[in-house]
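The sequence shown begins at 1 in the UniProt record's numbering and counts up by one. Accompanying notes for the structure given below.
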Amino acid sequence: LVKMNYSQKAVSGSMKKKIQISYVIRDEVEPRHRSGVNSMQFDSSLQRLYTAGRDSVIRIWNSRLDRSYYLVVKFIFNDPYIGSMEHHTDWVNDVLLCCNGRHLISASSDTTVKVWNAHKGFCMSTLRTHKDYVKALAYAKDKEQVASAGLDRSIFLWDVNTLTALTASNNTITTSSLNGSKDSIYSLAMNPSGTVIVSGSAEKVLRVWDPRTCQKSMKLRGHTDVVKAIVISRDGTHCVSAGSDASIRLWHLGMQRSIGTIWCHTEGVWSLQTDDSFSTVYSAGRDKCVFMSNLKCTENSVLLFEEQAPVLKLLLVDHGTSIWSSTTDSSVRLWKISAESLDNDYDVDGCNADMPLVRKPEYVIKGAPSIRQYSILNDKRFILTRDSEDNIALWDVLRARKAKDFGCQNFEQKLKEQFKMLFVPNWFSVDLKTGMLQITLDEADCFSAWVSAKDAKLGNINNVDVKLNFGGLLLQALLEHWPRAQSVQDQPEEGTGFDKRFSNGYFAVPGHTPLIFCETSGRALFRLACRDAGGENESALLNDVLPQWAIDIVVNKAMPKYNKIPFYLFPHPSFNLKVYKRDRLSASDMLQVRKVIEHVYEKILSTAVSTENSMNANSEKNPGAQSQPSSTPAVLPSNLEEKIELYCQDQRLDPNMDLRTIKYFIWKQGGDLVLYYKAVK
């Protein structure tokens, strides 16, 4: 037995671990799935469909299936979207309705199991017992018990009535665990009375437990690859399993052996559904085909329909006459299965896979395109993306919003058009796992990108010498609603373009932007909308979870130091000038070529001329005397850039170019940068 506090602060012990800060660029309301749908549940009393997305969102849909009323309802509810349940930070892998549809349990790759009020759509509690992705849930309806399992090889049993009664003061729960799994668990099933639980894993075996005693009953061998789906009969005497080996196997648990194998699929089988009598199994997977097979005669299979993408989940509804299917794309489809056609086609011996029984779905809940490809532009502020419908878009990382839609165009060509001869260090990373842009900031490089006012293009900045730190400004924008971030106000200098409307002086991010704090392992600690950072609970959690490197910027307003770059400055081989010192110089990596030209004029050429004149004068008046360069500062001519040229790798440098751009695009090698100068005659 494991006793735990369900509200145990996600941040407990987090200060000892490295914390990353992420945010998602998205619309405030995302009514359509942005990626594949991993799981579904149907509430027949309210006619609601719950869909669990890889975009981290659980959505609720109006799904009236009464045949006599269907056409009218389809017209009235042209947009079936009811609402979203948002609290997870990664794929939602499985969902279960319990307590007659009042509550929903969800399992996610963010390593948590969450308990929801299904009718009102809010998260009631979060269980953090698992240490890795939670992949599967199982439900014993008769005793209101739920089991969860995942890649940490653990199976935990939960009493639903206890879970739903948890409060801030009553927050301790005891869970039982089923031990013995030797590999990651991908599938889980339990019969309604809670007497048998079966798990499938990468171990290629089925393990069977008695959840009442938490004792392992048996191990069933037969699959040759990962077991991805399991269904148990109501009485707990039989189960059917499917795996990545493309097989579907029927097991007699009393005899502890397989009593039938179905080979209708050509690739891995990922989802199974059976009818109430446990005589028919519906299967689907990677090959996009949905079959119906007879469990009493496993040689008989019928191709029901073909999906447009690999199928992740099937859900049998309406007394077995309709089936919902979800795939790796973002749409969910309802297929009507005619009882008459089933009777006519089901007597065919063997696997009838030539012609699908149903040609088109009865209804489609349309999904939205997901981002499939991205490229960070040279300015390290904008990202160009291509989605699943080949639409090209430009996104502003700083303002956390879409900057421009280009429509359907060639990605590579558009990328070339956006190119600028500018180098800015990497300061964030990008993840597309949810089908949307997720930007992650890490202490190691978050503050690497100092940018000149000219290149930043933020606000009305008159002073070209102003330098801005992208990571620092973004953190201040993301946390501007946090009370502690408002405790210190800087007094801006003249010409900096500081706008008092914004906490960082230059821009804001949309208040709905999801902000995520997680360990470097990916384990999520805390999620909130940026505008909610001022809430009492959220503010307290931020005090606990926010790493010191972010506090220094957001609270103390202590911007990091500029990045330095070492370089050598020599006369060009074609320029006949004696240099008496070869110093290794160091300057901000944003230093522009024109500033180096000024240095050459003031410190080298003027000094050299002064020294030579002094030597000539001294040699005439006092032979053998030591020379001293003149201390009078040189006056910069207005056309200095026409008088002195700078070179790197025999390429003349643009006066507007900075040192890091030269090193990245022209120097292109290790070691210190070497620049050459010469005066133009």
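In this text, a Cβ means the ideal position worked out from N, Cα and C, and glycines have one as well.
Where does the unbroken alpha helix (DSSP H) through residue i begin, and where does it stop?
i, result
"A449", "Where A449 is concerned, there is no enclosing alpha helix (DSSP H), given that its DSSP letter is neither H nor E."
"E443", "First-last for E443: undefined, no H or E at that position."
"K643", "640 to 643"
"G472", "470 to 478"
"K416", "411 to 417"
Determine the DSSP secondary structure at residue i, reduced to helix, strand or coil.
i, result
"Q548", "helix"
"P361", "coil"
"F502", "coil"
"N543", "helix"
"K457", "coil"
"N656", "coil"
"H599", "helix"
"D405", "strand"
"S606", "helix"
"residue 685", "Because the chain in this structure spans residues 1 to 681, residue 685 falls outside the shown range and cannot be described."
"P571", "strand"
"Y664", "helix"
"E519", "strand"
"P483", "helix"
"residue 723", "Because the chain is modelled from 1 through 681, residue 723 falls outside the range shown and cannot be assessed."
"V226", "coil"
"I553", "helix"
"E536", "helix"
"C297", "coil"
"R221", "strand"
"G285", "strand"
"R333", "strand"
"G320", "helix"
"K114", "strand"
"C530", "helix"
"K135", "strand"
Identify the continuous beta strand (DSSP E) that holds residue i and give its terminal residues.
i, result
"G200", "197 to 201"
"A165", "Per DSSP, A165 belongs to no beta strand (DSSP E) and is neither H nor E."
"G101", "Careful: G101 lies outside any beta strand (DSSP E) and carries neither H nor E."
"L675", "673 to 679"
"N391", "391 to 396"
"D387", "382 to 387"
"D589", "No beta strand (DSSP E) holds D589; DSSP gives it neither H nor E."
"D90", "Note, D90: premise wrong, no beta strand (DSSP E); not H, not E."
"Q41", "37 to 43"
"C239", "238 to 243"
"C123", "122 to 127"
"W209", "205 to 210"
Take residue i as the anchor and find which of the options has the nearest alpha-carbon.
i, options, result
"A444", "N426, W450, S452", "N426"
"H319", "S338, F305, I232, L303", "S338"
"A508", "E480, P31, S388, Q215", "E480"
"residue 703", "A52, G101, R59", "Since the first and last residues shown for the chain are 1 and 681, residue 703 lies out of range."
"K141", "A149, D152, W158", "W158"
"I155", "S125, E30, T164, S184", "S184"
"D235", "K595, G243, V196", "V196"
"F382", "M355, P361, L422", "L422"
"L303", "L357, S326, T440", "L357"
"D272", "D552, L316, Y81", "Note that residue 272 is Leu in the sequence shown here, rather than Asp. When only C-alpha atoms are compared, the closest one is L316."
"Y81", "M255, D387, V29, V231", "V29"
"V281", "R153, H238, Q308, E307", "H238"
"Y664", "Y647, L377, V424", "V424"
"T24", "K603, A400, R207", "According to the sequence shown, residue 24 is Val rather than Thr. The option with the nearest alpha carbon to V24 is A400."
For residue i, is the classification buried or exposed, using 16 other Cβ atoms within 10 angstroms of its Cβ as the cut-off for buried?
i, result
"Q476", "buried"
"K561", "exposed"
"I19", "buried"
"N543", "exposed"
"M292", "buried"
"K135", "buried"
"V451", "buried"
"Q256", "exposed"
"C648", "buried"
Roughly how far, in whole angstroms, is the beta-carbon of residue i from the beta-carbon of residue j, given that I think they are within contact range, below 8 Å?
i, j, result
"W263", "L220", "Between L220 and W263 the Cβ distance is about 18 Å, and since that is not below 8 Å, they are no contact."
"N38", "R64", "Not a contact, Cβ separation roughly 24 Å."
"G268", "K313", "About 14 Å; that fails the 8 Å criterion."
"I439", "V397", "6 Å"
"T89", "A524", "4 Å"
"G260", "T298", "4 Å"
"D210", "S217", "6 Å"
"P566", "R584", "6 Å"
"L646", "V680", "At roughly 11 Å, the Cβ-Cβ gap does not stay under 8 Å, so L646 and V680 are not in contact."
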